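Sequence lines, in order, name chains A and B. With my numbering applied, the first sequence corresponds to residues 19 to 368, in that order. With my numbering applied, the second sequence corresponds to residues 19 to 368, in that order. From the three backbone atoms N, C-alpha and C, an ideal C-beta is built for every residue, glycine too. Computed from a predicted structure; not experimentally measured. Since the structure comes first, as structure tokens, the remarks are kept for the end.
There are 2 protein chains.
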Amino acid sequence: MQTAVSSLHEAAALPQPYLLFLGDTREPNYAKTAYGLRDWARERCVGEFACEDVGVSAGLPFLTPEHARMAGARAMVIGVANPGGHIPNAWIPLLLQALEAGLDLIGGMHMRLSDIDTLRNAARALGRRLIDVREPPRNLPIASGIRRTGKRLLTVGTDCALGKKYTALTLARAFQVRGVDADFRASGQTGILIAGAGIPMDAVIADFAAGAAEMLSPDADPCHWDVIEGQGSLSHPAYAGVSLALLHGSQPDVVVVCHEHGRDHVLGYPHYALPSLEDTVELALTLGSRTNPDIRCAGISLNTAKLEADAAYRAINALSDRLGMPVADPVRGGESFDALVSACLAKQAE
Amino acid sequence: MQTAVSSLHEAAALPQPYLLFLGDTREPNYAKTAYGLRDWARERCVGEFACEDVGVSAGLPFLTPEHARMAGARAMVIGVANPGGHIPNAWIPLLLQALEAGLDLIGGMHMRLSDIDTLRNAARALGRRLIDVREPPRNLPIASGIRRTGKRLLTVGTDCALGKKYTALTLARAFQVRGVDADFRASGQTGILIAGAGIPMDAVIADFAAGAAEMLSPDADPCHWDVIEGQGSLSHPAYAGVSLALLHGSQPDVVVVCHEHGRDHVLGYPHYALPSLEDTVELALTLGSRTNPDIRCAGISLNTAKLEADAAYRAINALSDRLGMPVADPVRGGESFDALVSACLAKQAE
Chain A
19 MQTAVSSLHE
29 AAALPQPYLL
39 FLGDTREPNY
49 AKTAYGLRDW
59 ARERCVGEFA
69 CEDVGVSAGL
79 PFLTPEHARM
89 AGARAMVIGV
99 ANPGGHIPNA
109 WIPLLLQALE
119 AGLDLIGGMH
129 MRLSDIDTLR
139 NAARALGRRL
149 IDVREPPRNL
159 PIASGIRRTG
169 KRLLTVGTDC
179 ALGKKYTALT
189 LARAFQVRGV
199 DADFRASGQT
209 GILIAGAGIP
219 MDAVIADFAA
229 GAAEMLSPDA
239 DPCHWDVIEG
249 QGSLSHPAYA
259 GVSLALLHGS
269 QPDVVVVCHE
279 HGRDHVLGYP
289 HYALPSLEDT
299 VELALTLGSR
309 TNPDIRCAGI
319 SLNTAKLEAD
329 AAYRAINALS
339 DRLGMPVADP
349 VRGGESFDAL
359 VSACLAKQAE
Chain B
19 MQTAVSSLHE
29 AAALPQPYLL
39 FLGDTREPNY
49 AKTAYGLRDW
59 ARERCVGEFA
69 CEDVGVSAGL
79 PFLTPEHARM
89 AGARAMVIGV
99 ANPGGHIPNA
109 WIPLLLQALE
119 AGLDLIGGMH
129 MRLSDIDTLR
139 NAARALGRRL
149 IDVREPPRNL
159 PIASGIRRTG
169 KRLLTVGTDC
179 ALGKKYTALT
189 LARAFQVRGV
199 DADFRASGQT
209 GILIAGAGIP
219 MDAVIADFAA
229 GAAEMLSPDA
239 DPCHWDVIEG
249 QGSLSHPAYA
259 GVSLALLHGS
269 QPDVVVVCHE
279 HGRDHVLGYP
289 HYALPSLEDT
299 VELALTLGSR
309 TNPDIRCAGI
319 SLNTAKLEAD
329 AAYRAINALS
339 DRLGMPVADP
349 VRGGESFDAL
359 VSACLAKQAE
């Protein structure tokens, strides 16, 4: 499977390839990070490792850290998340085993690897790194607002958790399939693990957020596309500031607005109705034009996971008719998705 | 002189009253913090202290830390800022003298007091605190978006550094003069020193910025006004995210848009024209209505410091005619400022 990333941001690049660690997890929903890495960065995952009583698998070869190291692995990634984000005691001996085998450890859980004395001491003694992908780079700049070379696409959402990362990954891959030089740029933890680089926008100090977004998609060849993972929503009562900083700093030429069919309220905020797609498109273009006056909306990415195929395509077509622009569900692909990809690239040469 | 602050936010309250420290500063422009404290928190400043070769004064009694402690002082505030924000070696003996006299130290410079070994060790040995007002409170919440009781006013700018803090301070004081129960709420370093409390919005982790703004103006009596110091600008290429988080979390009933007469480009960003006042008002109301649908703009605070009095009043009147709303320069006061204050309070009972 082709990777969505062809070049890494040096400053924040992670040691690769990975050995995926599944802990003692028995609930597949908690293994989403491992599954995401398998689906989007398969060639950079040499295998998986876990406690004896694990109940899930990413379907990769089971390798001990020693064998993984011999197969080229440079880091073991914690590919599961428990509710609460803690690291159970039962995992510690296996994490130590990885350090002793010569692997760095990469985590993105709420509990930091470096807050565990045993791991910190072992890593120091062995000269290994404990990397927390929730930690932004140091010395982020204040945004300059100066236009950068190259093309940029940003996924913008009506809400959190409805497909902005997945949409960016599929678009980056579709661009590459069409022979377009494109990179996926990750702005959240799972995306960073998949890309092997990126900046966790939600963890940046507010004054530096737009500067971090500028750093995330640096100057590039005029024909090159950065496809940037969006965060939050410009209408979210808690996260709109992050979304606006990412929009301003990304200076996108193209936005694709992501929405979930049928979602009518902000997730976890039952007293906040979602804005309409019309209003969301208008707001993104109004605000985005501040740092890129040529910004345009290429279309809508509609998450139809809760619909049967027939109903999904009806919803996609109805929305496309209503808005007069391409609408597609990247998971379903098909002609509508091809049309969305074409619309994204349509004015590239302008 | 009456204080603009009548109650403090417990979680972030500073030890008071203050002794103001002027270091060895010879340039009045670097002593703005001390002057601001003298002008806005005079009754909480027992005196000033400095190196022998100081060249500026806030006009307060010169007191040694020992005498200041006897006069009730609880902390010495570094009331000057050098370019670069460092703390010269010449200051250290006097800072130690304050700690030994029983005063905490409060700083807001780029260099942190606690990064200086001598001070850190002395403070620990003496049981004194080194307080950096650039440090936000720990354990900030994610914004809930839930409406709070009480009335709120936020100053919103077309740019940075043109009078948002000063406008909020003068409005809070004018509200109090009219018998309205009002607090100034500080969102930046100097404002925090003046108020004795507040949250440095620019230093908060992006995900928590709107939550910090919610914490800054908590539930209050229905007739109480929080007058909140704005930050940045919704159109600023670097800081708009902070401004939007502050707007969403503040849930203002009223915004007053602050502008400097004649400023036509973003300070330090010569390639960014300032938005018009009409667009700025519209953007603030559009975005602010997300968390408070009843938001309205009471008028404009126009900084006319670079104009003679006649020209200033002509500019104020012309702008008021153009926009059809009250316009005033709070520094000049007068009838136009009274009209702005009335417009802020006009719909309070609705």
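TODO: Verify the contact flag: B:Gly214, CB atom, against every heavy atom of the ligand MN, threshold strictly below 6 Å.
DONE: Of ligands this structure carries none, so the ligand MN is not represented either.
Open item on the list: One question on the structure: do B:Thr43 and B:Val74 come within less than 7 Å of each other, judged by their Cβ atoms?
Closed with: Your numbering for residue 43 of chain B matches position 25 in the second sequence. Your numbering for residue 74 of chain B matches position 56 in the second sequence. Yes.
TODO: Just the chain B side, please: which residues come within less than 7 Å of A:Val260 by C-beta, in chain order?
DONE: Stepping through the first sequence from its first residue, residue 260 of chain A is reached at position 242. Per Cβ cutoff of 7 Å: Ala224, Asp225 and Gly259.
- [ ] For B:Gly259, collect the residues of the same chain with a Cβ closer than 8 Å to its Cβ; drop the 5 residues on either side in sequence, then sort them by chain order.
- [x] For the purposes of this step, residue 259 of chain B is identified with residue 241 of the second sequence, where counting begins at 1. Apart from sequence neighbours up to five positions away, the residues of its chain that approach B:Gly259 with a beta-carbon distance below 8 Å are Ala224 and Ala227, ordered along the chain.
Open item on the list: Does A:Ser24 come out as helix, strand or coil in the three-state DSSP assignment?
Closed with: For the purposes of this step, residue 24 of chain A is taken as the residue at position 6 of the first sequence. The pLDDT assigned to A:Ser24 is 32, lower than 50, so where the model puts this residue is not dependable; a value taken from the coordinates is nonetheless given after this. Taken through DSSP and simplified to helix, strand or coil, A:Ser24 comes out as coil.
Task: Sequence-distant residues of its chain with Cβ nearer than 6 Å to B:Val349 (five each side left out) - done: Taking the first residue of the second sequence as 1, we reach residue 349 of chain B at position 331. Within the same chain, B:Val349 has no close Cβ partners at all.
- [ ] Could you have a look at B:Pro35 and say whether DSSP puts it in helix, strand or coil?
- [x] Against the second sequence, residue 35 of chain B aligns to sequence position 17. Correct three-state label for B:Pro35: coil.
TODO: Please confirm whether A:Gly214 and A:Leu265 have their CB atoms less than 7 Å apart.
DONE: In the first sequence, counting from the first residue as 1, residue 214 of chain A sits at position 196. In the first sequence, counting from the first residue as 1, residue 265 of chain A sits at position 247. No, they are not a contact pair.
Task: Proximity of A:Gly120 and A:Ala86 at Cβ, strictly below 7 Å - done: Here residue 120 of chain A refers to the residue found at position 102 when the first sequence is read from its first residue. Here residue 86 of chain A refers to the residue found at position 68 when the first sequence is read from its first residue. Not closer than 7 Å, so no.
- [ ] Pick out whichever of A:Leu285, A:Pro293, A:Asn107 and A:Ala59 has its Cα sitting closest to the Cα of A:Cys69.
- [x] Position 51 of the first sequence, counted from the start, is the residue given in the question as residue 69 of chain A. Per the Cα distances, A:Asn107.
Open item on the list: Taking beta-carbon pairs under 8 Å, can you tell me which members of the stretch 206-224 of chain A lie near chain D?
Closed with: Looking at the structure shown, chain D is missing, and the protein chains on hand are A and B.
Open item on the list: Quick check: what's the CA-CA separation for B:Thr304 versus A:Trp58?
Closed with: Position 286 of the second sequence holds residue 304 of chain B. Position 40 of the first sequence holds residue 58 of chain A. Between the C-alpha atoms of B:Thr304 and A:Trp58 there is a straight-line separation of about 39 Å.
Task: Start-to-end residues for the beta strand (DSSP E) that takes in A:Ala192 - done: Sequence index remark: in the first sequence, residue 192 of chain A carries index 174 (1-based). Careful: A:Ala192 lies outside any beta strand (DSSP E), inside the alpha helix (DSSP H) at Lys182 to Val195.
TODO: Tell me whether A:Ala231 is buried or exposed, calling it buried when 16 or more other Cβ atoms sit within 10 Å of its Cβ.
DONE: For the purposes of this step, residue 231 of chain A is taken as the residue at position 213 of the first sequence. The residue in question, A:Ala231, is buried, as its Cβ has 16 or more Cβ neighbours within 10 Å.
Open item on the list: Under 7 Å, Cβ to Cβ, is there at least one residue of chain A near B:Ala263?
Closed with: One-based indexing of the second sequence puts residue 263 of chain B at position 245. Using a Cβ-Cβ cut-off of 7 Å, B:Ala263 counts as an interface residue toward chain A, since at least one Cβ of chain A sits closer than that to its own.
Open item on the list: Just verifying my parser: in three-state terms, what is the DSSP assignment at A:Ile246?
Closed with: The residue you call residue 246 of chain A lines up with position 228 of the first sequence. It is a strand residue.
- [ ] Starting from A:Ser268, trace the beta strand (DSSP E) both ways and give me its first and last residue.
- [x] For the purposes of this step, residue 268 of chain A is identified with residue 250 of the first sequence, where counting begins at 1. Run containing A:Ser268: none in the beta strand (DSSP E); it sits in the alpha helix (DSSP H), Ala258 to Ser268.
TODO: Please look up how many angstroms separate the CB atoms of B:Gly181 and B:Glu278, rounded, as I've assumed it's under 8 Å.
DONE: Numbered from 1 along the second sequence, position 163 holds the residue referred to as residue 181 of chain B. Numbered from 1 along the second sequence, position 260 holds the residue referred to as residue 278 of chain B. In this structure B:Gly181 touches B:Glu278 by the C-beta definition: roughly 7 Å separates them, less than 8 Å.
TODO: Name the residue from B:Pro46, B:Leu38 and B:Phe193 whose alpha carbon lies nearest to the alpha carbon of B:Phe67.
DONE: Translated into the one-based positions of the second sequence, residue 67 of chain B becomes position 49. Selected option, being the one with the closest Cα: B:Leu38.
Task: Contact with chain B by A:Arg308, beta-carbon distance below 7 Å - done: Numbered from 1 along the first sequence, position 290 holds the residue referred to as residue 308 of chain A. A:Arg308 belongs to the set of residues whose beta carbon lies under 7 Å from a beta carbon in chain B.
TODO: State the DSSP-derived secondary structure class of A:Cys362, mapped to helix, strand or coil.
DONE: For the purposes of this step, residue 362 of chain A is taken as residue 344 along the first sequence, with counting starting at 1. Note: A:Cys362 maps to helix in three-state DSSP.
TODO: Give a yes or no on whether the C-beta atoms belonging to A:Asp239 and A:Arg170 are separated by under 7 Å.
DONE: Taking the first residue of the first sequence as 1, we reach residue 239 of chain A at position 221. Taking the first residue of the first sequence as 1, we reach residue 170 of chain A at position 152. In this structure, A:Arg170 does not lie closer than 7 Å to A:Asp239 by Cβ.
Open item on the list: Assuming the contact rule is C-beta atoms closer than 8 Å, A:Ser205 and A:Ile217 should be a hit. Round their C-beta distance to whole Å, please.
Closed with: As a first step, residue 205 of chain A is located in the first sequence; it is residue number 187 there, counting from the start. As a first step, residue 217 of chain A is located in the first sequence; it is residue number 199 there, counting from the start. Right, the Cβ-Cβ distance comes to about 6 Å (below 8 Å), so this counts as a contact.
Open item on the list: Three or more C-beta pairs under 8 Å: does that hold for the stretch 242-250 of chain B against the stretch 189-201 of chain B?
Closed with: Short answer: they touch.
- [ ] Return the residues of the stretch 241-255 of chain B that lie within a Cβ-Cβ distance of less than 7 Å from chain A, sorted by chain order.
- [x] Within the stretch 241-255 of chain B, the qualifying residues are Ser253 and Pro255.
Open item on the list: Taking CB distances under 7 Å as the criterion, tell me whether A:Ala161 reaches chain B.
Closed with: Taking the first sequence and counting its residues from 1, one reaches residue 161 of chain A at position 143. Chain B has a Cβ within less than 7 Å of the Cβ of A:Ala161.
Open item on the list: Using only the alpha-carbon positions, how far apart do B:Met19 and A:Arg152 sit?
Closed with: Within the second sequence, the letter at position 1 stands for residue 19 of chain B. Within the first sequence, the letter at position 134 stands for residue 152 of chain A. Annotation note: pLDDT 32 at B:Met19 (below 50); position unreliable, no value reported.
- [ ] Taking all protein chains shown into account, decide if B:Glu28 is buried (16 or more other Cβ within 10 angstroms of its Cβ) or exposed.
- [x] Taking the first residue of the second sequence as position 1, residue 28 of chain B is located at position 10. Interpretation of B:Glu28 is limited by its pLDDT of 39, a score under 50 that renders its predicted location unreliable; the figure taken from the coordinates is listed afterwards. When all chains shown are included, B:Glu28 counts as exposed.
Open item on the list: Please classify A:Arg56 as buried or exposed, where buried requires at least 16 other C-beta atoms within 10 Å of its C-beta.
Closed with: Locating residue 56 of chain A in the first sequence gives position 38, where the first residue counts as 1. It is buried - the Cβ of A:Arg56 has at least 16 other Cβ atoms within 10 Å.
TODO: Take B:Leu172 as the anchor and find which of B:Gly126, B:Ala200 and B:Leu158 has the nearest alpha-carbon.
DONE: As a working mapping, residue 172 of chain B is identified with position 154 in the second sequence. Selected option, being the one with the closest Cα: B:Ala200.
- [ ] Note down, in chain order, every chain B residue with its Cβ under 8 Å from the Cβ of A:Gly229.
- [x] The residue given as residue 229 of chain A occupies position 211 in the first sequence. Neighbours of A:Gly229 in chain B, taken as residues whose beta carbon is under 8 Å from its own, are Ala256 in chain order.
- [ ] Report the partner residues of A:Tyr48 according to the DSSP bridge assignment.
- [x] The residue you call residue 48 of chain A lines up with position 30 of the first sequence. According to DSSP, which records beta bridges pairwise, A:Tyr48 is partnered with nothing at all.
TODO: Would you please state the rounded distance, in angstroms, between the beta carbons of B:Thr185 and B:Cys276? I believe it to be under 8 Å.
DONE: If you number the second sequence from 1, residue 185 of chain B lands on position 167. If you number the second sequence from 1, residue 276 of chain B lands on position 258. The Cβ separation is near 5 Å, so the contact holds.
Task: Which listed residue (A:Gly267, A:Ile124, A:Leu363 and A:Gly351) has its alpha carbon closest to that of A:Ala91 - done: Position 73 of the first sequence holds residue 91 of chain A. Relative to A:Ala91, the option among A:Gly267, A:Ile124, A:Leu363 and A:Gly351 whose CA is nearest is A:Ile124.
Task: Nearest residue (CA-CA) to A:Ser360, options A:Ala316, A:Ser338, A:Ala329 and A:Asp347 - done: Working through the first sequence from its first residue, we reach residue 360 of chain A at position 342. Selection A:Ala316, A:Ser338, A:Ala329 and A:Asp347 evaluated against A:Ser360 yields A:Ala316 as nearest (Cα-Cα).
- [ ] Within its chain, find whatever has a CB closer than 7 Å to the CB of B:Leu113; leave out the 5 residues flanking it on each side and keep chain order.
- [x] Here residue 113 of chain B is taken as the residue at index 95 of the second sequence, counted from 1. Correct list, in chain order: Leu123 and Leu137.
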